[in-house]
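Peer 1: Residues in the sequence shown are numbered consecutively from 83, following our numbering. Questions regarding the structure given below will be posed in turn.
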Amino acid sequence: MATPHRIAVLALDPVVGFDLTIPPTIFGAATRADGTPLYDVKICGVRAEPVRASAGFTIVPDHGAEALAEADTVIIPGTYLPEPRHLGTLPEDVAEALALIRPGTRIASICTGAFVLAAAGLLDSRPATTHWIRAEMFRALYPQVKLDEDLLFIDDGDVLTSAGLGAGVDLCLHLVRSDFGSEVANRAARHCVVPPWRDGGQSQYIERAVPDEGSDGTGPTRVWALERLDQEISLAAMASYARMSVRTFSRRFKAETGQSPGTWLLQQRIRHACHLLETTDLPVDRIAEAAGLGTSASLRHHLRSSLGVSPLAYRKTFRAA
């Protein structure tokens, strides 16, 4: 049997507590169908000493920096370590720890962990993202990095970065999907009760996720569209319902949701189809019609494009006991 993929999660004092828990949770849930673990996750510090977490607790890593030298993937969670966040440098012991990482090792960061990678020179001339709140600070310290704070995560091959907090879940599921396929990633998502897929290109910051009561924005139009997903809904029809020009509606919609109307509508159709696959015994062609995707072939195409699985495989995974 193949050796589990070795992951080292480097907790840098003070570490963002939520970020630290994501890798062991997601990768720990990624198993073969018989429950065999596919990953060996080690939490390590620069030294095997207590590390403070931002959530008000302290952890004692089982491993020091030596775990970095043995890892296939190294993940740096968010940290409040002052040097990379304010000076653009690394403490000497952190730099020495990162130097232990073998060439060719996959490296990923969650949230402000990107500051550490940038200070180490690992993001020079590369695309990267971080928490949108820290984007201005990051850009001032590391102008050599091609920062895009609008994205949930960026996969640049051997180096990956994600936005803040929940985007770390999306990044880790993306890694599982890349390593072992969609079936394993979907099973891990189901175990952790999180969405199985959010595209890395999705906007991380939405100005108003939920419109205010009585809002004159696009919220009522979204409700209107969700009530008739089985029907054809054009951009012009949505704009007309909102009593806006197509141009104004598209601009307002993007500001409120982070997506274009067409992208949002397709995503809602796919989500509705997934819900029906999970909760009903309807045949695939009926589900495609109910979600407004037309034919079973169209539904298969969109599920494979977004999740990498067929409708029947999705149903089997998410209705499993």
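For glycine and all other residues, C-beta sits at the position ideal for the given N, C-alpha and C.
Leaving out five residues before and five after I315 in sequence, what residues of the same chain have Cβ atoms less than 8 Å from its Cβ?
Peer 2: The residues are A307, L347 and G374.
Peer 1: Under 8 Å: do the segment 174-182 and the segment 143-150 share three or more Cβ pairs, one atom per stretch?
Peer 2: Judged by Cβ distances under 8 Å, the segment 174-182 makes contact with the segment 143-150, as three or more pairs qualify.
Peer 1: Got a sec? Which residues, its chain only, sit under 6 Å from R290 by beta carbon, not counting five neighbours each side?
Peer 2: Reliability fails at R290, whose pLDDT of 41 lies under 50, so the model's placement of it is uncertain and the value that follows must be treated cautiously. Excluding sequence neighbours, R290 sits near E338.
Peer 1: If you drop the 5 nearest sequence neighbours on each side, which residues of the same chain put their C-beta closer than 7 Å to that of S264?
Peer 2: Cβ within range, chain order: L389, G390 and V391.
Peer 1: Can you give the Cα-Cα distance for T161 and S244, rounded to whole angstroms?
Peer 2: Spanning the two alpha carbons is a distance of roughly 13 Å.
Peer 1: At which residues does the alpha helix (DSSP H) containing R259 begin and terminate?
Peer 2: From DSSP, the alpha helix (DSSP H) with R259 extends over A249 to F262.
Peer 1: Leaving out five residues before and five after L311 in sequence, what residues of the same chain have Cβ atoms less than 7 Å from its Cβ?
Peer 2: Once the five neighbours on either side are set aside, the close Cβ partners of L311 are Q350, R351, H354, A373 and G374.
Peer 1: Thinking just about the alpha-carbon of each residue, which of P96, L247, P105 and D101 is nearest to the one in V128?
Peer 2: Measuring from the Cα of V128, the nearest candidate turns out to be P96.
Peer 1: How far does the beta strand (DSSP E) with I236 in it reach, from first residue to last?
Peer 2: Taken as a continuous stretch (DSSP letters only), the beta strand (DSSP E) holding I236 covers F235 to D237.
Peer 1: In the DSSP assignment, find the beta strand (DSSP E) that holds I189 and state where it starts and stops.
Peer 2: Taken as a continuous stretch (DSSP letters only), the beta strand (DSSP E) holding I189 covers R188 to S191.
Peer 1: Whole angstroms are fine: how far does the CA of I158 sit from the CA of G203?
Peer 2: Their Cα atoms are separated by approximately 14 Å.
Peer 1: Using 10 angstroms around the beta-carbon of L394, count the other beta-carbons present and answer buried if the total reaches 16, otherwise exposed.
Peer 2: Exposed, by the Cβ-count rule.
Peer 1: Leaving out five residues before and five after D261 in sequence, what residues of the same chain have Cβ atoms less than 7 Å from its Cβ?
Peer 2: Same-chain partners within the cutoff: H87.
Peer 1: Can you give the Cα-Cα distance for V266 and E231, rounded to whole angstroms?
Peer 2: About 29 Å.
Peer 1: According to DSSP, K336 sits in a beta bridge with which residue or residues?
Peer 2: Answer by DSSP bridge pairing: none, since K336 is not bridged.
Peer 1: Express the C-alpha separation of L234 and S136 in angstroms, rounding to a whole number.
Peer 2: Taking the straight line from one Cα to the other gives about 22 Å.
Peer 1: Quick one: grab the DSSP three-state call for S388.
Peer 2: The answer is helix: DSSP assigns S388 an H, G or I state.
Peer 1: Taking buried to mean at least 16 other C-beta atoms within 10 Å of its own C-beta, is Y191 buried or exposed?
Peer 2: First, the residue type needs correcting, since residue 191 is Ser and not Tyr in the sequence shown. By the neighbour-count rule (16 or more Cβ atoms within 10 Å), S191 is buried.
Peer 1: Are the beta-carbon atoms of V328 and A319 separated by less than 8 Å?
Peer 2: Against a cut-off of 8 Å, the Cβ pair of A319 and V328 comes out as no contact.
Peer 1: With 16 other CB atoms within 10 Å as the buried threshold, where does V305 fall?
Peer 2: Flag for V305 reads exposed.
Peer 1: Which of the three DSSP states is assigned to Y224 in this structure?
Peer 2: Three-state result, Y224: coil.
Peer 1: Write down the C-beta distance between I46 and L199 rounded to the nearest angstrom, noting that I regard them as a contact closer than 8 Å.
Peer 2: This structure cannot settle anything about residue 46, because the visible part of the chain is limited to 83 through 403.
Peer 1: For T161, list the residues DSSP reports as bridge partners.
Peer 2: In DSSP, T161 forms a bridge with V97.
Peer 1: If we define contact as Cβ-Cβ less than 8 Å, is A319 a contact residue for chain C?
Peer 2: In the structure shown, chain C does not exist; there is a single protein chain.
Peer 1: My output table needs one value for P105: the three-state DSSP class, helix, strand or coil.
Peer 2: Residue state, collapsed to three classes: helix.
Peer 1: For A418, count neighbouring C-beta atoms within 10 Å of its own C-beta (all shown protein chains included) and say buried if the count is 16 or more, exposed if not.
Peer 2: No information on residue 418 is available, as it lies outside the stretch 83 to 403 that the chain covers here.
Peer 1: Whose C-beta lies closer than 8 Å to the C-beta of I89 among residues of the same chain, with five residues either side of it excluded?
Peer 2: Once the five neighbours on either side are set aside, the close Cβ partners of I89 are P105, F109, Y121, D122, V123, K124, A153, D154, T155, V156 and I157.
Peer 1: Can you tell me the Cα-Cα spacing of K336 and T303, whole angstroms?
Peer 2: Approximately 13 Å between the Cα atoms of the pair.
Peer 1: Is it buried or exposed for F139, if we count other Cβ within 10 angstroms and need 16 for buried?
Peer 2: Classification of F139: exposed, given that the 10 Å Cβ count is below 16.
Peer 1: Compute the beta-carbon to beta-carbon distance between P143 and V133, rounded to the nearest angstrom, for a pair I have assumed lies under 8 Å.
Peer 2: The Cβ separation is near 6 Å, so the contact holds.
Peer 1: What does a CB cutoff of less than 7 Å around R221 pick up in its chain, not counting 5 residues either side in sequence?
Peer 2: Cβ within range, chain order: L229.
Peer 1: Hey, T399 and R272 are a contact pair by Cβ (cut 8 Å); roughly how many whole angstroms apart?
Peer 2: Going by Cβ atoms, the distance from T399 to R272 rounds to 7 Å, so yes, they are a contact pair.
Peer 1: Rounded to whole angstroms, how far is the Cβ of T194 from the Cβ of T212, which I believe are closer than 8 Å?
Peer 2: Correct: roughly 6 Å between the Cβ atoms.
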